[in-house]
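Peer 1: Quick one: the structure is below, and I'll ask about it shortly.
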Amino acid sequence: MSQTVITEQERALIEHCKSPEIAILRHLDEKLVGQGVLLGCGDADRMIEGFDRHRGILRDKGIPDRIHPILVNGGPANFWQYPPTSVIGAFIIQNIFEGLELKEMDRLINYGHWPCGKAREQGLGLLDVLQSLSIVKRHVKGLDASVEVALYLHIDWLCGRMNTYHVNHPNLLKHLNDLVQKFPSCTKFSIAA
């Protein structure tokens with residue numbers, strides 16, 4: 184059974200990433216939410232909340248709520264164990280591009296969540312989940328630069344409160360090494376990938 188608490192270090196990391204100086208996690212800006220292929224974790228509890236919220240925002244904006252989900256346990260966090268060049272990683276990437284083509288979409292909704300049982304089962308921390316969003320984005324953009332890749336992180340505070348954040352990719356890359364040094368218990372790795 185996976186750990187189902189958010190540690191004090193993880194809470195501190197989240198608050199640090201929300202700070203204006205770092206600005207990696209930004210509260211969900213509904214103007215930026217759009218249709219697309221969604222890569223996420225198959226978590227029966229958390230993914231449904233995020234999926235329903237995303238679709239609800241689209242409906243409220245008067246946009247058809249077309250989300251093409253690709254759900255696997257761990258979602259983007261799988262790319263630590265199965266890089267995009269592995270058989271499983273390549274299969275997920277292939278499904279992303281097939282979904283984009285079949286549904287005539289140009290956006291990947293790259294959706295992580297915390298706590299994630301699959302990520303913890305692999306020994307990954309919250310920073311690793313954030314980095315996995317970056318790994319997927321860089322790989323997809325490397326294959327097709329025209330694909331828009333939006334990064335999201337859904338946090339279940341395990342007290343009845345949940346938040347979904349946009350992940351600012353340039354700021355994540357800019358501050359990642361410092362975060363790994365400052366919050367070593369939030370990563371499996373000693374060096375940012």
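Numbering (the working numbering), first residue to last: 184 to 376. Each residue gets a CB set at the ideal place from its N, CA and C atoms; glycine is no exception. Bear in mind that the values here come from a model prediction, so they are computed numbers and not experimental data.
1) If you reduce the DSSP assignment to three classes, tell me which class M184 lands in.
2) With H, G and I counted as helix, E and B as strand and the rest as coil, what does DSSP make of T370?
3) Is it the case that the segment 359 to 368 contacts the segment 297 to 304, given that we only count it when at least three CB pairs across the two stretches are under 8 Å?
4) Take G223 as the anchor and find which of N293, V323 and T347 has the nearest alpha-carbon.
5) So if DSSP puts W297 in a beta bridge, which residue, or which two residues, is it bridged to?
6) Across the segment 261 to 280 and the segment 227 to 235, are there enough close Cβ pairs to call them in contact, namely three or more that are closer than 8 Å?
7) Does the count of Cβ pairs from the segment 244 to 257 and the segment 209 to 228 closer than 8 Å reach three?
8) State the Cα-Cα distance for the pair R209 and K201, rounded to the nearest angstrom.
9) What is the rounded straight-line gap between the Cα of E198 and the Cα of V330?
10) State the Cα-Cα distance for the pair L291 and G225, rounded to the nearest angstrom.
11) Could you compute how far the alpha carbon of L356 sits from the alpha carbon of V319?
12) Can you have a look at D339 and say buried or exposed, based on whether 16 or more other CB atoms are within 10 angstroms of its CB?
13) Under the three-state reduction of DSSP, which class applies to E331: helix, strand or coil?
14) Can you tell me the Cα-Cα spacing of N332 and I207, whole angstroms?
15) With a Cβ-Cβ cutoff of 8 Å, do L285 and I189 count as a contact?
16) Cβ of L310 within 8 Å of Cβ of F366?
17) Any idea which residues DSSP pairs L221 with across the strands?
18) Leaving aside the five residues before and after I276 along the sequence, list all residues of the same chain whose C-beta is less than 6 Å from its C-beta, in chain order.
19) To which residues of the same chain is H358 closer than 6 Å at the C-beta, ignoring the five residues directly before and after it?
20) Assign F262 to buried or exposed, taking buried as 16 or more other Cβ atoms, counted over all protein chains shown, within 10 Å of its Cβ.
21) Which partner residues of H210 appear in the DSSP bridge assignment?
Peer 2: Quick answer:
1) Note that M184 scores a pLDDT of 40, beneath 50, so its modelled location is shaky and nothing firm can be said.
2) coil
3) no
4) N293
5) I338
6) no
7) yes
8) 6 Å
9) 30 Å
10) 16 Å
11) 13 Å
12) buried
13) strand
14) In the sequence under discussion, the amino acid at residue 332 is Val, which differs from the Asn named in the question. Straight-line Cα distance between these residues: approximately 16 Å.
15) no
16) yes
17) P252 and I292
18) P267
19) I205
20) buried
21) Y348
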